[in-house]
Each structure stands twice: as structure tokens, then as C-alpha cells.
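Chemist:
Residue numbers (the UniProt record's numbering): 1 to 103.
What follows is the structure in C-alpha cells.
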């Protein structure tokens with residue numbers, strides 16, 4: 001975790017523990033200066049769209065493959081977050097069965 005991420009993480013933790021949400025609005029968070037968003041021409045935009053589509057197809061395929069190996073009673077389609085949580089729990093249980101120390 002770099003310094004900026006740690007700073008933001010600590011701010012999130014401290015703001016969630018504060019009793020009023022109005023103090024969060026008055027806090028100044030230091031964030032690196034935003035880059036100027038460059039404008040893409042039509043061909044570049046089309047290429048970026050194709051790259052994004054391929055990225056999402058690969059991601060969906062990975063989630064599908066993960067769902068296939070998870071031991072769930074009913075084969076209903078799990079959401080992405082449910083899939084990840086189930087996978088984490090499954091790995092934890094397997095580690096316990098094998099006697100692996102995760103700390």
C-alpha cells in the first residue's frame with residue numbers, strides 16, 4: 001500500500017468512526033492532481049471499446065470458471081461478490097482441513 005492509499009484508507013476508517021457525517025464534508029483529502037483527460041478520435045475510441053469488451057469477456061469467463069469449482073448446493077448463478085466471498089471461505093476451510101497456518 002503506497003502512502004496515498006494508506007492516507008485515504010486511514011481517512012475512511014477515521015471518518016466511519018466519527019459520529020457525524022458533516023465533519024467528513026469539511027475534511028480536506030489530499031489527492032494527487034488529476035490528469036487532463038485526453039480526447040480520443042473515432043478510431044482510438046473504437047479500439048478502446050474493443051479492448052474493454054475483450055477485458056470484460058475474459059473477466060466473465062474467469063468468474064464462470066471459478067463458479068464451476070466452488071462447492072455450492074444449488075447451482076444457481078452467484079453474483080460476482082458472492083462468488084468471491086464463497087471462494088475466500090472455501091480456501092479458508094481447505095486451509096483449516098490441511099492444517100495450514102494462514103498467519
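Think of the CB as a built atom: it goes at the ideal place given N, C-alpha and C, for glycine as much as any other residue.
Since the model is a prediction, treat every value here as computed from it, not as a measurement.
Count Cβ pairs between the stretch 54-72 and the stretch 31-43 that sit closer than 8 Å; are there 3 or more?
Modeler: no
Chemist: Since residue 87 contacts residue 66 with CB under 8 Å, what's their CB separation in whole angstroms?
Modeler: Taking the chain shown and counting its residues from 1, one reaches residue 87 at position 87. Taking the chain shown and counting its residues from 1, one reaches residue 66 at position 66. Contact holds; Cβ gap of about 6 Å.
Chemist: Please report how far the alpha carbon of residue 74 lies from the alpha carbon of residue 39, in whole angstroms.
Modeler: Within the chain shown, numbered from 1, the residue matching residue 74 stands at position 74. Within the chain shown, numbered from 1, the residue matching residue 39 stands at position 39. Roughly 47 Å separates the two Cα atoms.
Chemist: Excluding five sequence neighbours on each side, which residues of the same chain lie with their C-beta closer than 6 Å to the C-beta of residue 52?
Modeler: Here residue 52 refers to the residue found at position 52 of the chain shown. Hits under 6 Å: none found.
Chemist: Can you tell me whether DSSP reads residue 39 as helix, strand or coil?
Modeler: Along the chain shown, read from residue 1 onward, the residue named residue 39 stands at position 39. Correct three-state label for residue 39: coil.
Chemist: Please list, in chain order, all residues of the same chain as residue 72 whose beta carbon is under 8 Å from its beta carbon, the five residues on each side excluded.
Modeler: Sequence index remark: in the chain shown, residue 72 carries index 72 (1-based). Here the set comprises 78, 86.
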